[in-house]
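Beneath this line is the structure, given in C-alpha cells, with notes to follow.
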Amino acid sequence: MQTVKITDRLSVSAQPQLSDISDLARAGFSALVNARPDQEDAAQPGIVAERQVACDAGLGYRYIPVTGATITEADIRAFQSAVVNANGPVIAHCKSGARALALYALGEVLDGRMKADDVLAFGKQHGLDLSMAANWLVRNAGRKPQVKAFFEPRTFSVQYVVSDPETKMCAIIDPVLDFDEKSGSTATTSADAILAYIAEQGLTVEWILDTHPHADHFSAAQYLKQKTGAPTAIGEHVVDVQKLWKGIYNWPELKTDGSQWDRLFAHGERFRLGNIDAHVLFSPGHTLASVTYVIGDAAFIHDTMFMPDSGTARADFPGGSAQALWRSIQGILALPDETRLFTGHDYQPNGRAPRWESTVAEQKRSNPHIAGQDEVSFVKLREARDRTLPMPKLILHALQVNVQAGRLPEPEANGRRYLKFPLDALEGAVW
C-alpha cells in the first residue's frame with residue numbers, strides 16, 4: 000500500500016486492507032491511528048477487525064474518528080498524543096488520508112508551528128486536499144467563548160474553563176475533587192490543573208458553576224472558591240434535590256435552601272461572562288435540578304446528551320424522569336444549529352479517544368436516541384436501557400458532598416471526616 004511520509008514520526012495513507020496491516024509492522028511502523036468513523040462505507044474493514052489485526056501484528060492502535068464537519072480540538076490533541084506517545088513511527092489513515100493529515104496540520108497551526116494561510120499549500124505538497132482544515136480554522140477563529148476541557152479518566156468526567164478572550168474573565172464548570180473510594184483518599188490534582196491553566200493564561204475567575212449535584216464524582220467548587228474567591232452558582236431547583244437526599248440520608252441538620260451556593264439561577268435568567276452574554280436553561284430529567292449554561296455560542300449541557308455515538312443520559316436516579324429529559328433535550332435542540340454543545344461525560348465507545356464537543360445540528364442528525372425518535376419512543380428506549388444499568392459506584396458517597404456545593408463533612412472530635420452511607424436506600428438497583 001502507498002504511504003505518504005509527513006515527518007520522521009508520522010506517515011498517512013488511505014484505508015489499508017486488513018492484509019496490509021502486518022506489512023506496516025514489517026515496514027517499521029509501531030502504531031496505527033484510525034481517523035475514520037466506523038461503518039462509513041461498506042468496503043472498510045471495521046474497527047473491531049482492524050484493531051485485532053493491528054494488535055496481532057504488534058502495532059499500537061488508536062481510534063480517533065472524525066469527519067470534516069465534526070473535527071474538534073479534542074480530536075486534534077488526541078491525534079498529537081497518539082503520535083508523540085507511540086514507541087516509534089506512526090501510520091495514520093482515514094478513507095483517503097486527508098483527514099489524518101488535517102488533524103496533524105491543525106495541531107501545527109494551533110501550536111504556532113504553521114500559519115493558517117499555509118495549510119492548503121501544505122496539503123497540496125503531499126497530494127491531499129486540506130480544505131476541511133482551512134474551513135475549520137476560519138469557522139473557529141471568531142468563536143466566543145474560548146473553551147478548555149479537562150478530561151478526568153477515573154470518572155470519565157469533563158471539566159471546563161470557559162473564557163472571554165477580550166476581558167480574560169472565565170468560568171469554571173463542573174470541577175472534580177479527586178476521590179478514591181477504596182482508600183477514602185481525597186486529592187485536588189484535577190482542580191489544581193485547572194488553577195495552573197488559569198494562571199498560565201492570565202485569566203480571572205468570575206464564576207464557579209455547577210450544572211447539577213453530580214452522582215459520580217465529588218465537586219471541587221468549594222475548594223476552588225477558597226482558592227479564587229469567585230462566587231459559586233447552580234440552578235435554583237437544587238433545593239428539591241437537597242430535600243430528597245435529606246430524607247435518604249436521614250440528615251435533619253442539612254439546610255435545604257440552597258444557601259451553600261452564592262447564587263441560585265432561575266430558568267431563563269441572564270448573566271455575563273466578561274463581555275459575553277449568557278443565560279440559563281432549566282434542564283431536568285437526569286436530576287431534578289439540572290441546568291444548561293448557554294454562554295455565547297456554547298452550551299454546557301451536563302448529562303442530558305453525550306456525544307452522538309453515546310446517546311443520552313440516564314434518567315433513573317432519585318427524582319429523574321425520562322419524560323422530563325426528552326423535553327429538556329428539545330429545549331437544547333431549539334438553540335441555533337451551529338451552537339457548540341459541551342457534554343459532562345464521555346465513556347469512549349469502541350475505545351475511541353475522549354470527545355466532548357458536538358453541535359446542535361450534529362446531535363439532531365446523528366444521535367440515535369434523538370434522530371427519528373419522538374417522546375414516546377425515547378421514553379421507552381431510555382427506561383428500558385436504564386433498567387439494565389448499575390448505579391454509579393460513587394452515588395452514595397458523592398451526593399452528601401455535592402448537595403453542599405462540594406463541602407466535605409466537618410471533622411469529628413478525632414480530626415477525621417466521615418461519610419454517611421445508607422444501606423438499601425436505592426430500591427431496585429441493578430447489581
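Numbering (numbering that gives the first Met the number 0), first residue to last: 0 to 430.
Ideal placement from N, C-alpha and C gives every residue a C-beta, glycine not left out.
Minimum Cβ-Cβ distance from residue i to chain C less than 8 Å
i           : result
alanine 220 : This model lacks chain C altogether, as it is built from one protein chain only.
Of the listed residues the options, nearest to residue i (C-alpha basis)
i                 : options                           : result
aspartate 163     : Lys379, Thr154 and Val204         : Val204
alanine 186       : Phe217, Lys245 and Gln241         : Phe217
leucine 58        : Glu72, Phe28 and Ala81            : Phe28
valine 402        : Val238, Tyr159 and Pro64          : Val238
proline 307       : Ala115, Pro36 and Ser320          : Pro36
alanine 219       : Ala370, Asp191 and Leu243         : Asp191
proline 44        : Ala56, Gln14, Ala34 and Glu72     : Gln14
proline 391       : Lys379, Asn413 and Asp215         : Asp215
threonine 6       : Glu426, Ala104 and Ala68          : Ala104
lysine 236        : Ile247, Gly228 and Gly257         : Here residue 236 turns out to be histidine, not lysine, going by the sequence shown. Ranking the options by Cα distance to histidine 236, first place goes to Gly257.
serine 442        : Leu388, Ala34 and Glu199          : Since the first and last residues shown for the chain are 0 and 430, residue 442 lies out of range.
aspartate 302     : Gln158, Ile90 and Thr188          : Gln158
isoleucine 207    : Val161, Glu180, Thr166 and Gly106 : Val161
isoleucine 197    : Gln221, Met168, Ala412 and Ile331 : Met168
lysine 147        : Asp276, Ser80, Phe155 and Thr71   : Thr71
glutamine 399     : Phe178, Gln241 and Pro230         : Gln241
histidine 125     : Gln145, Asn134, Arg98 and Glu151  : Arg98
arginine 153      : Ala24, Val429 and Pro353          : Pro353
phenylalanine 305 : Lys245, Glu337 and His368         : His368
Cβ pair residue i, residue j closer than 8 Å
i                 : j              : result
histidine 285     : alanine 312    : yes
alanine 431       : alanine 30     : The structure shown does not extend to residue 431, since the chain is modelled only from 0 through 430, so no value can be given for it.
leucine 100       : leucine 119    : no
isoleucine 435    : aspartate 209  : Summary: the structure shown does not reach residue 435, with the chain confined to residues 0 through 430, and so no result is reported for it.
aspartate 74      : leucine 102    : yes
phenylalanine 299 : tyrosine 292   : yes
glycine 310       : asparagine 366 : yes
serine 12         : lysine 4       : no
arginine 351      : isoleucine 63  : yes
Beta-bridge partners of residue i, as assigned by DSSP
i                 : result
phenylalanine 121 : None; phenylalanine 121 has no bridge partner.
aspartate 276     : Arg271
tyrosine 292      : Val279 and Phe299
methionine 304    : Thr311
serine 21         : The partner list for serine 21 (beta bridge, DSSP) is empty, contrary to what the question assumes.
lysine 147        : Val160
leucine 425       : Its beta-bridge partners do not exist; DSSP assigns none.
threonine 432     : The chain is shown only over 0 to 430; residue 432 falls outside these bounds and no answer can be derived.
Counting pairs of Cβ atoms below 8 Å between the region 170-181 and the region 356-375, do you hit three or more? At 8 Å Cβ cutoff, the stretches do not touch.
Restricting to runs no shorter than 3 residues, where is the beta strand (DSSP E) found entirely within the region 149-235? 156-162, 168-172, 175-179, 184-186, 203-208 and 231-234
Any contact between the region 306-322 and the region 41-48? By contact I mean 3 or more CB pairs, one from each, below 8 Å. no
Can we say the region 130-147 touches the region 250-262, given the rule of at least three CB pairs closer than 8 Å? no
Count Cβ pairs between the region 390-410 and the region 334-350 that sit closer than 8 Å; are there 3 or more? Here the region 390-410 does not lie against the region 334-350, with fewer than 3 beta-carbon pairs under 8 Å apart.
Are the region 413-424 and the region 268-282 touching by the rule of at least three beta carbon pairs closer than 8 Å? No, the region 413-424 is not in contact with the region 268-282.
Sequence ranges, beta strand (DSSP E) only - wholly within the region 81-135, length at least 3: 89-92
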